[in-house]
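This report concerns only the one structure given below.
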Amino acid sequence: MLELFYQYKNSNRITDAILVGRNLFNRNPGNQEVFHAYFDLLCSLAENLPLLSERKSFMEQADVALAFFTENVELSEEAVSALHAYQERLDAVHNAVVSEEQANSNAHLEKIRASNDQQIIKIRKIKGDLLKTDTQEEFDQLLVQLSEVDHSIDKDMLSGKQAGSYDRLTKECTEAISRKMQELEYKSNKRYNKTAIEAYAKAYKAFKDDESLCKNWARLSRLASETLFAFEASRLFNETLIYYNHVYSYIFNKLDDDGKLALTGLSVDCERKLRN
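Sequential numbering of the sequence shown, starting at 13, is according to the numbering used here.
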(Lines of atoms letter the chains of each structure in order from A and count residues from 1; the text may use other names and numbers.)
(Lines give C-alpha, C1' and ligand atoms only; values in the text may rest on other atoms or scores of the structure.)
Protein backbone atom coordinates (compact mmCIF):
# COMPACT_ATOMS: atom_id res chain seq x y z
CA MET A 1 0.00 0.00 0.00
CA LEU A 2 2.86 2.41 0.70
CA GLU A 3 4.10 1.77 -2.81
CA LEU A 4 0.71 2.91 -4.16
CA PHE A 5 0.80 5.97 -1.89
CA TYR A 6 4.23 7.02 -3.19
CA GLN A 7 3.19 6.21 -6.75
CA TYR A 8 0.29 8.67 -6.52
CA LYS A 9 2.37 11.22 -4.62
CA ASN A 10 5.25 11.16 -7.09
CA SER A 11 2.91 11.46 -10.05
CA ASN A 12 1.27 14.48 -8.37
CA ARG A 13 -2.05 12.72 -7.89
CA ILE A 14 -2.31 14.32 -4.48
CA THR A 15 -6.00 13.65 -3.85
CA ASP A 16 -5.49 9.95 -4.48
CA ALA A 17 -2.31 9.90 -2.38
CA ILE A 18 -4.18 11.45 0.56
CA LEU A 19 -7.00 8.93 0.15
CA VAL A 20 -4.58 5.98 0.20
CA GLY A 21 -2.48 7.49 3.01
CA ARG A 22 -5.50 8.13 5.23
CA ASN A 23 -6.85 4.63 4.63
CA LEU A 24 -3.48 3.02 5.30
CA PHE A 25 -2.90 5.07 8.44
CA ASN A 26 -6.37 4.39 9.86
CA ARG A 27 -5.73 0.66 9.47
CA ASN A 28 -2.22 0.96 10.93
CA PRO A 29 -2.44 3.84 13.46
CA GLY A 30 0.70 2.77 15.35
CA ASN A 31 2.93 2.18 12.32
CA GLN A 32 5.54 4.94 12.27
CA GLU A 33 6.57 4.38 8.66
CA VAL A 34 2.98 4.74 7.48
CA PHE A 35 2.33 7.72 9.75
CA HIS A 36 5.52 9.48 8.69
CA ALA A 37 4.65 9.20 5.00
CA TYR A 38 1.08 10.44 5.53
CA PHE A 39 2.02 13.19 8.03
CA ASP A 40 4.85 14.44 5.84
CA LEU A 41 2.49 14.85 2.88
CA LEU A 42 -0.09 16.72 4.97
CA CYS A 43 2.54 19.06 6.40
CA SER A 44 4.08 19.69 2.99
CA LEU A 45 0.69 20.71 1.64
CA ALA A 46 0.07 22.90 4.70
CA GLU A 47 3.44 24.57 4.15
CA ASN A 48 3.34 25.14 0.39
CA LEU A 49 -0.17 25.48 -1.02
CA PRO A 50 -1.06 29.01 -2.20
CA LEU A 51 -4.51 29.21 -0.60
CA LEU A 52 -4.45 29.83 3.12
CA SER A 53 -7.78 28.06 3.63
CA GLU A 54 -6.37 24.85 2.07
CA ARG A 55 -3.15 25.10 4.08
CA LYS A 56 -5.17 25.46 7.26
CA SER A 57 -7.30 22.44 6.36
CA PHE A 58 -4.28 20.17 5.82
CA MET A 59 -2.65 21.52 8.99
CA GLU A 60 -5.75 20.49 10.95
CA GLN A 61 -5.71 17.03 9.34
CA ALA A 62 -2.04 16.65 10.31
CA ASP A 63 -2.89 17.68 13.87
CA VAL A 64 -5.60 15.01 14.10
CA ALA A 65 -3.29 12.38 12.61
CA LEU A 66 -0.50 13.19 15.08
CA ALA A 67 -2.86 12.96 18.04
CA PHE A 68 -4.15 9.59 16.80
CA PHE A 69 -0.62 8.30 16.20
CA THR A 70 0.53 9.46 19.64
CA GLU A 71 -2.22 7.39 21.25
CA ASN A 72 -1.41 4.23 19.27
CA VAL A 73 2.36 4.11 18.71
CA GLU A 74 4.44 1.84 20.91
CA LEU A 75 6.51 4.30 22.91
CA SER A 76 10.28 4.16 23.19
CA GLU A 77 12.97 6.79 23.48
CA GLU A 78 13.26 6.83 19.74
CA ALA A 79 9.47 7.11 19.32
CA VAL A 80 9.20 9.92 21.90
CA SER A 81 12.01 11.81 20.17
CA ALA A 82 10.20 11.37 16.84
CA LEU A 83 6.92 12.62 18.35
CA HIS A 84 8.67 15.78 19.55
CA ALA A 85 10.06 16.33 16.07
CA TYR A 86 6.65 15.83 14.50
CA GLN A 87 5.10 18.28 16.98
CA GLU A 88 7.79 20.87 16.31
CA ARG A 89 7.13 20.70 12.60
CA LEU A 90 3.40 20.98 13.15
CA ASP A 91 3.94 23.95 15.50
CA ALA A 92 6.02 25.66 12.82
CA VAL A 93 3.26 25.10 10.27
CA HIS A 94 0.68 26.39 12.75
CA ASN A 95 2.72 29.51 13.50
CA ALA A 96 3.15 30.24 9.79
CA VAL A 97 -0.58 29.84 9.14
CA VAL A 98 -1.55 31.98 12.13
CA SER A 99 1.00 34.63 11.12
CA GLU A 100 -0.41 34.82 7.60
CA GLU A 101 -3.97 34.88 8.91
CA GLN A 102 -3.05 37.78 11.17
CA ALA A 103 -1.30 39.60 8.32
CA ASN A 104 -4.35 39.11 6.09
CA SER A 105 -6.63 40.24 8.88
CA ASN A 106 -4.53 43.35 9.48
CA ALA A 107 -4.45 44.15 5.76
CA HIS A 108 -8.22 43.69 5.55
CA LEU A 109 -8.72 45.91 8.60
CA GLU A 110 -6.48 48.61 7.15
CA LYS A 111 -8.40 48.47 3.87
CA ILE A 112 -11.72 48.85 5.68
CA ARG A 113 -10.43 51.70 7.82
CA ALA A 114 -8.99 53.45 4.77
CA SER A 115 -12.44 53.21 3.19
CA ASN A 116 -14.02 54.48 6.42
CA ASP A 117 -11.67 57.47 6.33
CA GLN A 118 -12.88 58.32 2.83
CA GLN A 119 -16.54 58.00 3.82
CA ILE A 120 -16.03 60.22 6.88
CA ILE A 121 -14.46 62.84 4.59
CA LYS A 122 -17.54 62.57 2.34
CA ILE A 123 -19.86 63.04 5.33
CA ARG A 124 -17.92 66.14 6.35
CA LYS A 125 -18.37 67.58 2.84
CA ILE A 126 -22.07 66.71 2.75
CA LYS A 127 -22.52 68.46 6.10
CA GLY A 128 -20.99 71.60 4.59
CA ASP A 129 -23.25 71.31 1.54
CA LEU A 130 -26.28 70.92 3.81
CA LEU A 131 -25.46 74.20 5.49
CA LYS A 132 -25.08 75.99 2.13
CA THR A 133 -28.03 74.61 0.17
CA ASP A 134 -31.06 76.85 -0.26
CA THR A 135 -33.43 74.58 -2.18
CA GLN A 136 -35.59 71.72 -0.96
CA GLU A 137 -34.67 69.59 -3.98
CA GLU A 138 -30.94 69.85 -3.32
CA PHE A 139 -31.52 69.29 0.40
CA ASP A 140 -33.42 66.06 -0.31
CA GLN A 141 -30.66 64.86 -2.64
CA LEU A 142 -28.03 65.54 0.03
CA LEU A 143 -30.02 63.54 2.56
CA VAL A 144 -30.05 60.58 0.16
CA GLN A 145 -26.28 60.92 -0.35
CA LEU A 146 -25.71 61.14 3.40
CA SER A 147 -27.72 57.96 3.99
CA GLU A 148 -25.83 56.07 1.29
CA VAL A 149 -22.43 57.15 2.62
CA ASP A 150 -23.40 56.37 6.19
CA HIS A 151 -24.50 52.85 5.24
CA SER A 152 -21.18 52.27 3.47
CA ILE A 153 -19.23 52.79 6.71
CA ASP A 154 -18.24 49.59 8.54
CA LYS A 155 -19.00 50.89 12.02
CA ASP A 156 -17.75 47.74 13.75
CA MET A 157 -14.29 48.36 12.29
CA LEU A 158 -13.94 52.05 13.18
CA SER A 159 -10.75 52.93 15.01
CA GLY A 160 -11.03 54.95 18.20
CA LYS A 161 -10.15 58.13 16.32
CA GLN A 162 -12.57 57.33 13.52
CA ALA A 163 -15.36 56.54 15.99
CA GLY A 164 -14.84 59.91 17.66
CA SER A 165 -14.94 61.74 14.32
CA TYR A 166 -17.99 59.77 13.18
CA ASP A 167 -19.92 60.46 16.39
CA ARG A 168 -19.16 64.19 16.22
CA LEU A 169 -20.13 64.37 12.56
CA THR A 170 -23.35 62.45 13.21
CA LYS A 171 -24.32 64.96 15.89
CA GLU A 172 -23.30 67.92 13.72
CA CYS A 173 -25.22 66.56 10.71
CA THR A 174 -28.33 66.02 12.82
CA GLU A 175 -28.14 69.63 14.02
CA ALA A 176 -27.44 70.91 10.49
CA ILE A 177 -30.40 68.96 9.10
CA SER A 178 -32.70 70.30 11.81
CA ARG A 179 -31.59 73.91 11.23
CA LYS A 180 -31.85 73.59 7.47
CA MET A 181 -35.33 72.06 7.68
CA GLN A 182 -36.49 74.99 9.78
CA GLU A 183 -34.81 77.43 7.39
CA LEU A 184 -36.33 75.85 4.28
CA GLU A 185 -39.73 75.63 5.93
CA TYR A 186 -39.56 79.30 6.82
CA LYS A 187 -38.53 80.25 3.28
CA SER A 188 -41.33 78.12 1.86
CA ASN A 189 -43.87 79.66 4.23
CA LYS A 190 -42.54 83.12 3.40
CA ARG A 191 -43.16 82.54 -0.30
CA TYR A 192 -46.53 81.06 0.54
CA ASN A 193 -47.50 84.12 2.58
CA LYS A 194 -46.36 86.54 -0.12
CA THR A 195 -48.53 84.69 -2.63
CA ALA A 196 -51.45 84.77 -0.19
CA ILE A 197 -51.04 88.51 0.46
CA GLU A 198 -51.03 89.20 -3.27
CA ALA A 199 -54.20 87.13 -3.67
CA TYR A 200 -55.96 88.94 -0.80
CA ALA A 201 -54.91 92.30 -2.26
CA LYS A 202 -56.33 91.21 -5.61
CA ALA A 203 -59.63 90.30 -3.96
CA TYR A 204 -59.79 93.58 -2.06
CA LYS A 205 -59.05 95.68 -5.13
CA ALA A 206 -61.48 93.74 -7.32
CA PHE A 207 -64.30 94.14 -4.80
CA LYS A 208 -63.55 97.76 -4.04
CA ASP A 209 -63.37 98.67 -7.73
CA ASP A 210 -66.63 96.88 -8.47
CA GLU A 211 -68.98 96.44 -5.51
CA SER A 212 -71.57 95.06 -7.90
CA LEU A 213 -69.84 91.75 -7.14
CA CYS A 214 -72.13 91.65 -4.09
CA LYS A 215 -75.01 90.98 -6.42
CA ASN A 216 -73.20 88.55 -8.73
CA TRP A 217 -72.64 85.36 -6.76
CA ALA A 218 -71.01 83.49 -9.64
CA ARG A 219 -68.26 86.09 -10.02
CA LEU A 220 -67.86 86.61 -6.27
CA SER A 221 -67.60 82.89 -5.48
CA ARG A 222 -65.00 82.42 -8.22
CA LEU A 223 -62.97 85.39 -6.94
CA ALA A 224 -63.18 84.23 -3.32
CA SER A 225 -62.26 80.65 -4.22
CA GLU A 226 -59.15 81.78 -6.10
CA THR A 227 -58.03 84.34 -3.52
CA LEU A 228 -59.57 84.51 -0.04
CA PHE A 229 -60.09 80.80 0.51
CA ALA A 230 -57.16 79.41 -1.48
CA PHE A 231 -54.65 79.24 1.40
CA GLU A 232 -54.20 77.10 4.51
CA ALA A 233 -54.49 79.26 7.63
CA SER A 234 -51.99 77.14 9.59
CA ARG A 235 -49.21 78.28 7.25
CA LEU A 236 -50.03 81.96 7.41
CA PHE A 237 -48.08 84.41 9.54
CA ASN A 238 -49.98 86.53 12.06
CA GLU A 239 -49.48 89.63 9.94
CA THR A 240 -50.90 87.84 6.91
CA LEU A 241 -53.92 86.68 8.92
CA ILE A 242 -54.53 90.24 10.10
CA TYR A 243 -54.60 91.46 6.51
CA TYR A 244 -56.81 88.50 5.51
CA ASN A 245 -59.29 89.38 8.26
CA HIS A 246 -59.33 92.99 7.10
CA VAL A 247 -60.13 92.01 3.50
CA TYR A 248 -62.61 89.33 4.50
CA SER A 249 -64.46 91.65 6.87
CA TYR A 250 -64.62 94.36 4.25
CA ILE A 251 -66.24 92.02 1.73
CA PHE A 252 -68.36 90.18 4.29
CA ASN A 253 -69.90 93.40 5.62
CA LYS A 254 -70.97 94.42 2.13
CA LEU A 255 -73.11 91.30 1.68
CA ASP A 256 -76.70 90.75 2.65
CA ASP A 257 -77.61 87.92 5.00
CA ASP A 258 -77.92 85.35 2.23
CA GLY A 259 -74.58 86.43 0.80
CA LYS A 260 -72.91 86.18 4.21
CA LEU A 261 -74.22 82.63 4.62
CA ALA A 262 -73.14 81.59 1.14
CA LEU A 263 -69.66 83.10 1.58
CA THR A 264 -69.25 81.30 4.90
CA GLY A 265 -70.25 77.99 3.33
CA LEU A 266 -67.83 78.60 0.45
CA SER A 267 -64.97 79.19 2.91
CA VAL A 268 -65.55 75.71 4.33
CA ASP A 269 -65.87 73.95 1.00
CA CYS A 270 -62.92 75.49 -0.86
CA GLU A 271 -59.80 73.40 -1.39
CA ARG A 272 -56.73 75.12 -0.01
CA LYS A 273 -53.31 75.30 -1.67
CA LEU A 274 -51.11 73.26 0.62
CA ARG A 275 -47.98 74.11 -1.35
CA ASN A 276 -46.79 77.34 -2.89
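Glycine residues also receive a C-beta, built at the ideal position from the N, C-alpha and C atoms. Small disclaimer: the values here were computed from a predicted structure and weren't measured.
query                                                                                                                             : result
Outcome for residue 239 when other beta-carbon atoms lying within 10 angstroms are tallied against a minimum of 16                : buried
Outcome for residue 73 when other beta-carbon atoms lying within 10 angstroms are tallied against a minimum of 16                 : buried
Residue 100: CB within 8 Å of a non-hydrogen atom of the ligand ADP                                                               : The model depicted lacks the ligand ADP and carries no ligand whatsoever.
Cβ shell of residue 180 (< 7 Å), same chain only, five flanking positions each side left out                                      : none
Rounded separation between residue 47 and residue 77 - CA only                                                                    : 8 Å
First through last residue of the alpha helix (DSSP H) which encompasses residue 167                                              : Per DSSP, residue 167 belongs to no alpha helix (DSSP H) and is neither H nor E.
Within 9 Å, strictly: CB atoms of residue 121 and residue 141                                                                     : no
Contact set for residue 192: own chain, Cβ-Cβ below 8 Å, skip 5 residues either direction                                         : 142, 143, 145 and 151
Span of the alpha helix (DSSP H), counted from its first residue to its last, around residue 37                                   : 26 to 39
Cβ contact check for the segment 161 to 168 and the segment 202 to 218: 3 or more pairs under 8 Å                                 : no
Beta-carbon proximity list for residue 233, same chain, < 7 Å, skipping 5 on both sides                                           : 278
Local conformation of residue 267 per DSSP, three classes                                                                         : coil
Three-state class that DSSP yields for residue 42 in the structure shown                                                          : coil
Beta-carbon contacts of residue 209 that lie in its chain and below 7 Å, excluding the five residues immediately before and after : 252 and 255
Backbone CA spacing between residue 260 and residue 201 [nearest angstrom]                                                        : 21 Å
Residue 50 to residue 136 span [Cα, whole Å]                                                                                      : 59 Å
Beta-carbon spacing of residue 59, residue 108 below 9 Å                                                                          : yes
Separation of residue 70 from residue 57, as counted between CA atoms                                                             : 7 Å
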